[in-house]
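Below is one structure, written out as C-alpha cells; comments come after it.
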Amino acid sequence: MAGYSDVVEGAQWGDEGKGKLIDMRLDTGNYSIVGRYGGGPNAGHTLSVNGHIIATHGLPSGVFHPKIHLYIGAGCVINPEKLVAEIKEVESLGVSLEERLHISPFATLIQPHHLLTDSMYGGHLGTTGNGIGPAYSQRMMRSLGPNLEDLRFAHAIISPHQARDIVKSNLGHCVSECLNPIKNHPNAHQMQKIFDLFNNDPTQKYLSSLARLGKYLERDPLFLTKQIESGKNVLFEGAQGFMIDVVYGNTPFTTSSSTIAAGAYTGGDLSNKYHRKTMAVVKAIPSRVGAGPFVGELGGKKSEEYCAAKDSEGNTKHTKEFEHTTHNPQDLLQSSDQFELGIALRMLGGEYGATTKRPRRVGILDLPQLEYAAKLTGADELFITKMDQVELFNNTLFHGPVMVDTYQINGSKLNTYPITTNELASVTPHSYLNFAATSLPTNATKWSDIPHSLVEFLTAIEDRTGCKVSGIGVGPEREKVIMRG
Ligand code: IMP
487 MAGYSDVVEG AQWGDEGKGK LIDMRLDTGN YSIVGRYGGG PNAGHTLSVN
537 GHIIATHGLP SGVFHPKIHL YIGAGCVINP EKLVAEIKEV ESLGVSLEER
587 LHISPFATLI QPHHLLTDSM YGGHLGTTGN GIGPAYSQRM MRSLGPNLED
637 LRFAHAIISP HQARDIVKSN LGHCVSECLN PIKNHPNAHQ MQKIFDLFNN
687 DPTQKYLSSL ARLGKYLERD PLFLTKQIES GKNVLFEGAQ GFMIDVVYGN
737 TPFTTSSSTI AAGAYTGGDL SNKYHRKTMA VVKAIPSRVG AGPFVGELGG
787 KKSEEYCAAK DSEGNTKHTK EFEHTTHNPQ DLLQSSDQFE LGIALRMLGG
837 EYGATTKRPR RVGILDLPQL EYAAKLTGAD ELFITKMDQV ELFNNTLFHG
887 PVMVDTYQIN GSKLNTYPIT TNELASVTPH SYLNFAATSL PTNATKWSDI
937 PHSLVEFLTA IEDRTGCKVS GIGVGPEREK VIMRG
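In the working numbering, the protein residues as written are 487 to 971.
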C-alpha cells in the first residue's frame, strides 16, 4: 500500500505558527519525512529545545524529531553558508543530520551576487535581504549570455570547479555593474557591508560551505516517490503564507516562490497523485512583515511606516528592545488609537521577525482574506493559533474579539476579493463581526472547555471558508493545543 503526503500551509502572510502544527503532526508518528518545497533562509521557525531557543531557516522545522528524515525540495533556494551554520547549531545541541538530511539535486543556490542585488533592489519591498528574489529570477532567466548563470545544487556538488567559475564570474559581473551606483544608493551602507564580506576572498567561504553540503545531496530524484511507494508518509511544510505567494499575493509585495499547497507538487519532488489533505494555519491576530496592503492593520499606514523604519545605519529602528523599554503594553491596550493598540498586541504577542527581528505589523482577523486564501488553495481543515490572545481584545476599544466581515472601496461594499494591489490598498473595512468579551480558561484542554463566544468566533471562520477548524493553539508551549475530538 502506497503512503500519502499532507501539506501544512500558512493562510495569511507567514508567521502563522505553522511550526506548532507540524510538531504536533510529527508527534503522531504517521510521517517518516518532512519536506520543504519553497523559500530558503527567508523563512523562520522559532523552536524551544531543552530550554535553548533556536530559529530554523533553511532546514525543515521537524529537525528535532530524530527519526524523521528531512527533505529540501527543488523549489527551495539555498544559501550554503547559512545552511552550514544552521546545521552546526543544530548539531551542537546533540542532533545529528547524517543520513537524515536530503537536499534535492534541483534546488537553486543563492549566490553572493544575489545578496548584492537584493540589497540594491529589494529595500522598498521590505525583503528579508537574503537574495531570494534574485536567486529565483536567475533560475527563470537560466542564463544571461556568458554572465549570470543559475546554479543548481547537484551541478555545484558534482562539478565544483565549474561552480567556482560561475560564482566568481557572476559576482565579478555584478560588482562591476553595481558598484558605481552604490555611493548614491539609499541602501549604500548595507550594500557596502555585503560587498566587504566577499571582497577579500569573494567566494572562498561560500565554496567551502558548499563542499560541506555535498554529503546531503540526494542523488535519486525519485527518493520521495520510492518512500511513498513503500508505504511511508510525507508531511510538507509550507514556508511563508498564501498572501505572499508569487502569483496570488499582492504583487510586488510577495516573496518569489509558490507558497500555496499546490507548490508542494511542483517544488517538493513528489507527484500530486499522493496528496491526501491540506491543513491551513491561521493566526487569530494576524501579522505581516515587509511592505504591502493589510486591510485589518491596526494603525494602517502609520503602523506600516513605523514597522519599516530604519536608523541611519540601516538597522531596524523599533526593535523589541526599543518597544519594551519605551511602552507599557497594558496602558496601550486601552488606548482609543488603533496604532497604539497594535503596538500593545505586538508586545504581548511577541510579534517580532524570527529572521530579520523586525516588528511585525499587527491587525484584526480578516474574513474576506481568509475566504480568498482557504478556497483558492483548497484547504481541507484549519488550525487557528494564538486563540489564547484573543481575550486581549476584551479591554480595548472593541470591547471583545473582532473580525473584519466585509470590505468597502470608495464608499461601496465589495462582494469579490480585490484583484489588483492598488485596489486592495484602497480598501477599508466596511463592517466588523464583534463577539462578547470572553476568556479561555487557563486549564482548558478539551473542545468542550472553549467558551461559547470563542466557539462563535471559530464558527464564523468555518462558515466563511467552508473549512472545519480541527484544532486551536492556546499558548506558545508545544503542548498548548486543543484538538477537536
Ligand atoms: P523575500 O522573501 O526576502 O524576497 O521578501 C519578500 C517579502 O516576503 C517581504 O515582505 C518579506 O518580509 C516577506 N517574507 C519572506 N519570508 C517571510 C516569512 O517567512 N514570514 C513572513 N514574511 C516573509
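Here a beta-carbon is modelled for each residue, glycine too, at the ideal position from N, C-alpha and C.
Exercise. Could you tell me the boundaries of the alpha helix (DSSP H) in which Arg625 lies?
Key: As a first step, residue 625 is located in the sequence shown; it is residue number 139 there, counting from the start. Start and end: Ile618 to Met627.
Quiz item: With respect to 8 Å, is the separation between the Cβ of Leu611 and the closest non-hydrogen atom of the ligand MG below this value?
Solution: Among the ligands modelled here, namely the ligand IMP, the ligand MG does not occur.
Quiz item: Quick one: what's got a C-beta closer than 6 Å to Gln824's C-beta in the same chain, skipping five residues either side?
Solution: Here residue 824 refers to the residue found at position 338 when the sequence shown is read from its first residue. Within the same chain, Gln824 has close Cβ partners Leu784 and Gly785.
Practice problem: Output the residue ranges of the alpha helix (DSSP H) runs that lie fully inside the stretch 730 to 767 and measure 4 residues or longer, sorted by chain position. | Solution: 750 to 753
Quiz item: Would the beta-carbon of Gln597 be found less than 8 Å away from any heavy atom of the ligand IMP?
Solution: Against the sequence shown, residue 597 aligns to sequence position 111. Because no heavy atom of the ligand IMP lies under 8 Å away, the Cβ of Gln597 does not count as near it: no.
Quiz item: From what residue to what residue does the beta strand (DSSP E) around Phe869 run?
Solution: Taking the sequence shown and counting its residues from 1, the one referred to as residue 869 is at position 383. First-last of the beta strand (DSSP E) with Phe869: Glu867 to Thr871.
Exercise. Please classify Ser662: does DSSP put it in a helix, a strand, or coil?
Key: Mapped onto the sequence shown, residue 662 falls at position 176. Here Ser662 sits in helix by DSSP.
Quiz item: Hey, Arg586 and His555 are a contact pair by Cβ (cut 8 Å); roughly how many whole angstroms apart?
Solution: Against the sequence shown, residue 586 aligns to sequence position 100. Against the sequence shown, residue 555 aligns to sequence position 69. With 8 Å as the limit, Arg586 and His555 qualify as a contact, their Cβ atoms being about 5 Å apart.
Exercise. In angstroms with no decimal places, state the Cα-to-Cα distance between Arg844 and Leu579.
Key: Reading the sequence shown from its first residue, position 358 is the one you call residue 844. Reading the sequence shown from its first residue, position 93 is the one you call residue 579. Answer to the nearest angstrom: the Cα atoms are 27 Å apart.
Quiz prompt | Inter-residue spacing [alpha-carbon to alpha-carbon] between Val658 and Glu909 | solution = Start at 1 with the first residue of the sequence shown, and residue 658 comes out as number 172. Start at 1 with the first residue of the sequence shown, and residue 909 comes out as number 423. Before going further, note that residue 658 is Gly rather than Val in the sequence given. Taking the straight line from one Cα to the other gives about 41 Å.
Self-check item: Environment of Pro904 [buried if 16+ CB atoms lie within 10 Å]
Solution: By one-based count along the sequence shown, residue 904 stands at place 418. Buried, because 16 or more other Cβ atoms sit within 10 Å of the Cβ of Pro904.
Exercise. Tell me whether Ala529 counts as near the ligand IMP, meaning its Cβ is closer than 8 Å to at least one heavy atom of that ligand.
Key: Mapped onto the sequence shown, residue 529 falls at position 43. Ala529 Cβ: within cutoff of the ligand IMP.
Quiz item: Tell me which same chain residues have a C-beta within less than 7 Å of the C-beta of Lys899, skipping the five on either side of it?
Solution: The sequence position of residue 899 within the sequence shown is 413, counting from 1. Thr892 and His916.
Quiz item: Would DSSP call Gly858 helix, strand or coil?
Solution: By 1-based counting over the sequence shown, the position of residue 858 is 372. In the sequence as presented, Gly is not what sits at residue 858; that position holds Tyr. Of the three classes helix, strand and coil, the one that applies to Tyr858 here is helix, per DSSP.
Quiz item: How many angstroms separate the CA atom of Ser912 from the CA atom of Asn896?
Solution: Counting from one through the sequence shown, the residue named residue 912 turns up at place 426. Counting from one through the sequence shown, the residue named residue 896 turns up at place 410. Per the coordinates, the alpha-carbon of Ser912 lies some 8 Å from the alpha-carbon of Asn896.
Quiz item: Beta-carbon of Val781 versus every beta-carbon of chain D: anything under 9 Å?
Solution: Any reference to chain D falls outside this structure, which holds one protein chain only.
Quiz item: Which residues mark the beginning and the end of the alpha helix (DSSP H) in which Lys954 is found?
Solution: Here residue 954 refers to the residue found at position 468 of the sequence shown. Run containing Lys954: none in the alpha helix (DSSP H); it sits in the beta strand (DSSP E), Lys954 to Gly959.
Quiz item: Are the beta-carbon atoms belonging to Gly886 and Pro772 less than 9 Å from one another?
Solution: Position 400 of the sequence shown, counted from the first residue, corresponds to residue 886. Position 286 of the sequence shown, counted from the first residue, corresponds to residue 772. With respect to the 9 Å criterion, Gly886 and Pro772 are not classified as neighbours on the basis of their beta carbons.
Quiz item: Under the criterion of a Cβ to heavy atom distance below 8 Å, does Asn616 qualify as lining the ligand IMP?
Solution: The count along the sequence shown starts at 1 and reaches residue 616 at position 130. At least one heavy atom of the ligand IMP is nearer than 8 Å to the Cβ of Asn616, so yes.
Quiz item: Do the stretch 698 to 706 and the stretch 826 to 846 meet, that is, are 3 or more Cβ pairs less than 8 Å apart?
Solution: no
Practice problem: Give a single yes or no on whether Gly839 has its beta carbon closer than 8 Å to a heavy atom of the ligand IMP. | Solution: Position 353 of the sequence shown holds residue 839. Yes.
Quiz item: Is the beta carbon of Gly500 within less than 8 Å of some heavy atom of the ligand IMP?
Solution: Locating residue 500 in the sequence shown gives position 14, where the first residue counts as 1. Under cutoff, so the answer is yes.
Quiz item: Gly782 and Phe739 look like a contact to me (Cβ under 8 Å); what is the Cβ gap, rounded to whole Å?
Solution: Locating residue 782 in the sequence shown gives position 296, where the first residue counts as 1. Locating residue 739 in the sequence shown gives position 253, where the first residue counts as 1. In this structure Gly782 is not in contact with Phe739, their Cβ atoms being roughly 16 Å apart against a cut-off of 8 Å.
Quiz item: Is DSSP giving Ile850 helix, strand or coil here?
Solution: Residue 850 sits at position 364 when you count from the first residue of the sequence shown. Reduced to three states, the DSSP call for Ile850 is coil.
Exercise. Report the rounded CA-to-CA distance for Pro620 versus Ser662, giving the unit in angstroms.
Key: Taking the sequence shown and counting its residues from 1, the one referred to as residue 620 is at position 134. Taking the sequence shown and counting its residues from 1, the one referred to as residue 662 is at position 176. Taking the straight line from one Cα to the other gives about 17 Å.
Quiz prompt | Exposure of Ala930, with buried meaning 16 or more beta-carbon neighbours within 10 Å | solution = Locating residue 930 in the sequence shown gives position 444, where the first residue counts as 1. The residue is buried, with at least 16 neighbouring Cβ atoms inside 10 Å.
Quiz item: Which residues bound the alpha helix (DSSP H) around Ala946?
Solution: Within the sequence shown, residue 946 is the residue found at index 460, counting from 1. For Ala946, the enclosing alpha helix (DSSP H) stretches over residues His938 to Thr951.
Quiz prompt | DSSP beta-bridge partners of Glu723 | solution = If you number the sequence shown from 1, residue 723 lands on position 237. In DSSP, Glu723 forms a bridge with Val494 and Arg522.
Quiz item: Count the other CB atoms within 10 Å of the CB of Met765; is the residue buried (16 or more) or exposed (fewer)?
Solution: Locating residue 765 in the sequence shown gives position 279, where the first residue counts as 1. That one is buried.
Quiz item: In terms of DSSP beta bridges, what is Met889 paired with?
Solution: On the sequence shown, residue 889 is found 403 positions in, with the first residue counted as 1. DSSP, once it has assigned bridges, lists Leu851 and Leu919 as partnering Met889.
Exercise. Starting from Ile643, trace the alpha helix (DSSP H) both ways and give me its first and last residue.
Key: The count along the sequence shown starts at 1 and reaches residue 643 at position 157. Here the alpha helix (DSSP H) through Ile643 covers Phe639 to Ile644.
Exercise. Report yes or no: do three or more beta-carbon pairs, one from the stretch 745 to 758 and one from the stretch 918 to 938, lie closer than 8 Å?
Key: no
Quiz prompt | Cβ-based neighbour list, Leu703, same chain, cut-off 7 Å, excluding 5 preceding and 5 following | solution = In the sequence shown, counting from the first residue as 1, residue 703 sits at position 217. Cβ within range, chain order: Ile589, Pro591, Phe639, Ala640 and Ile643.
Quiz item: Where Ser822 and His675 are concerned, what is the direct C-alpha to C-alpha distance, given to the nearest angstrom?
Solution: For this step, residue 822 is matched to residue 336 along the sequence shown. For this step, residue 675 is matched to residue 189 along the sequence shown. The straight-line gap from Cα to Cα measures roughly 39 Å.
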